[in-house]
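Student: Going by the numbering used here, the first residue of the sequence shown is number 93, and it counts up by one from there. Note that CB positions come from ideal geometry on N, CA and C, so glycine has one too.
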Amino acid sequence: MDPLLLIVLIAFVAFAYAMVGHGGASGYLALMALAGMSVVVMRPSALVLNLFVSAISFTQYARGGHFRWRVFWPFAVASMPAAWLGAQMQLDPLVYKRILAVCLLFAVARMFGLFGKGRENLVPVPIVAALVIGAVLGFVSGMIGIGGGVLLSPVLLLLNWADMKTTAATSALFIFVNSAAGLAGAIGNGETLSTNMLPWIAAAVAGGLLGGWIGAKRLNELRLKQALGIVLLFASVKLMMP
């Protein structure tokens, strides 16, 4: 893949993901996999981009008054150590790509709004259930190199624990803390960052700033999210192939 095209696509992914409170790691990983990069470079590099974009997205949604601490903390307290532990695992490259392909399908569903927007009659988050779910999602997130927002969002929406905006704010901070824990685990395990991180970070920050602002303050760009969903679906199918 042409390096300039990759930078443009990273900005595009960051923009679309930030609109829904995500960091974009699953999208970055898909791009890197399609570009033929090594797993030991993909995972920490995607997590670094995730940190920047999720921080931007969370800030935008929190400023809009959409963050609820009581929704966030039960998931995060169990997910962070689990993400660090999951990042210690070295998966066979083929297995890694297959699991990533499944995670991409969650992202596709999120982009197409298949999980709904949450209902008005929300129910409190059960702490024990949230701790268990957080631990499982954190472990999978660390193992694959994502923040887990694409996995947490459908849980919050389908179980009626949060509306769309609160889900976005919660997912953004969930992604940030899990990305930090996963990155620490991956670097400690000897994985390395790409040599192209600076232009990638610049592209992700630019896309994330615009996407987070639009998602928190303006109407969502439905067609753009659907376009990204189609791209991610293609990537998922390609990763599933031998």
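Mapping the DSSP letters down to three states, classify I238 as helix, strand or coil.
Tutor: One-based indexing of the sequence shown puts residue 238 at position 146. In the structure shown, I238 sits in coil (DSSP, three-state: anything other than H, G, I, E or B).
Student: Which same chain residues end up closer than 7 Å to W253 when comparing Cβ atoms and leaving out the 5 residues on each side of it in sequence?
Tutor: Along the sequence shown, one-based indexing puts residue 253 at 161. Correct list, in chain order: V163, L214, V215 and V217.
Student: Going by beta carbon distance, what residues of the same chain come within less than 6 Å of A260, once the five residues before and after it are set aside?
Tutor: Position 168 of the sequence shown, counting from 1, holds the residue named residue 260. Around A260: V112, G113 and Y153.
Student: Between which residues of its own chain and I267 is the CB-CB distance below 7 Å, once the five residues before and five after are set aside?
Tutor: For the purposes of this step, residue 267 is taken as residue 175 along the sequence shown, with counting starting at 1. Hits under 7 Å: H114, G115, N142, S146, G239, G240 and G241.
Student: Does the structure place the segment 261–281 close enough to the segment 166–185 that three or more beta carbon pairs sit under 8 Å?
Tutor: Yes, they touch.
Student: Using three-state DSSP, classify Q152 as helix, strand or coil.
Tutor: For the purposes of this step, residue 152 is taken as residue 60 along the sequence shown, with counting starting at 1. Helix at Q152.
Student: I'd like to know whether the C-beta of V247 is nearer than 7 Å to at least one C-beta of chain B.
Tutor: The structure shown contains no chain B; it is built from a single protein chain.
Student: Give me, in chain order, the residues of the same chain whose beta-carbon lies closer than 7 Å to that of I225; leave out the 5 immediate sequence neighbours on both sides.
Tutor: Residue mapping note: residue 225 aligns to position 133 of the sequence shown, counting from 1. Closer than 7 Å at the Cβ level, and outside the excluded window around I225, lie F167 and V247.
Student: Would you check if the distance between the CB atom of L223 and the CB atom of L243 is smaller than 7 Å?
Tutor: Sequence index remark: in the sequence shown, residue 223 carries index 131 (1-based). Sequence index remark: in the sequence shown, residue 243 carries index 151 (1-based). No, these two residues do not count as a Cβ contact at 7 Å.
Student: Can you find the residues in the same chain that come closer than 6 Å, C-beta to C-beta, to M134, ignoring five residues on each side of it along the sequence?
Tutor: Working through the sequence shown from its first residue, we reach residue 134 at position 42. Same-chain partners within the cutoff: L121 and M124.
Student: Could you say which of G234, L249, L96 and P185 lies nearest to A138 if we only look at CA atoms?
Tutor: The residue given as residue 138 occupies position 46 in the sequence shown. Per the Cα distances, G234.
Student: Quick check: the segment 184–198 against the segment 288–308, are at least 3 beta-carbon pairs closer than 8 Å?
Tutor: Flag = no, the segment 288–308 and the segment 184–198 do not touch.
Student: Cα-Cα, which of K257, I306, G321 and S328 is closest to G157?
Tutor: In the sequence shown, counting from the first residue as 1, residue 157 sits at position 65. Nearest C-alpha to G157: K257.
Student: So G237 packs on A117, CB below 8 Å; how close in whole Å?
Tutor: Residue mapping note: residue 237 aligns to position 145 of the sequence shown, counting from 1. Residue mapping note: residue 117 aligns to position 25 of the sequence shown, counting from 1. The pair is a contact, with the Cβ atoms about 6 Å apart (cut-off 8 Å).
Student: Considering V269, what are the terminal residues of the alpha helix (DSSP H) in which it resides?
Tutor: Translated into the one-based positions of the sequence shown, residue 269 becomes position 177. Run containing V269: M256 to G280, per the alpha helix (DSSP H) assignment.
Student: Measure the C-alpha to C-alpha separation of A264 and I148 and round it to an integer number of angstroms.
Tutor: By 1-based counting over the sequence shown, the position of residue 264 is 172. By 1-based counting over the sequence shown, the position of residue 148 is 56. If you take the alpha carbons of A264 and I148, they lie about 9 Å apart.
Student: Which value, in whole angstroms, describes the spacing of the CA atoms of T151 and W292?
Tutor: Within the sequence shown, residue 151 is the residue found at index 59, counting from 1. Within the sequence shown, residue 292 is the residue found at index 200, counting from 1. Each residue's alpha carbon lies about 21 Å from the other.
Student: Under the assumption that P95 contacts N288 (Cβ atoms under 8 Å), give the Cβ distance between them as a whole number of angstroms.
Tutor: Against the sequence shown, residue 95 aligns to sequence position 3. Against the sequence shown, residue 288 aligns to sequence position 196. Correct: roughly 7 Å between the Cβ atoms.
Student: Assuming contact is defined by CB atoms lying nearer than 7 Å, are L324 and A199 in contact in what I supplied?
Tutor: Walking along the sequence shown from the start, residue 324 turns up at place 232. Walking along the sequence shown from the start, residue 199 turns up at place 107. Yes, these two residues count as a Cβ contact at 7 Å.
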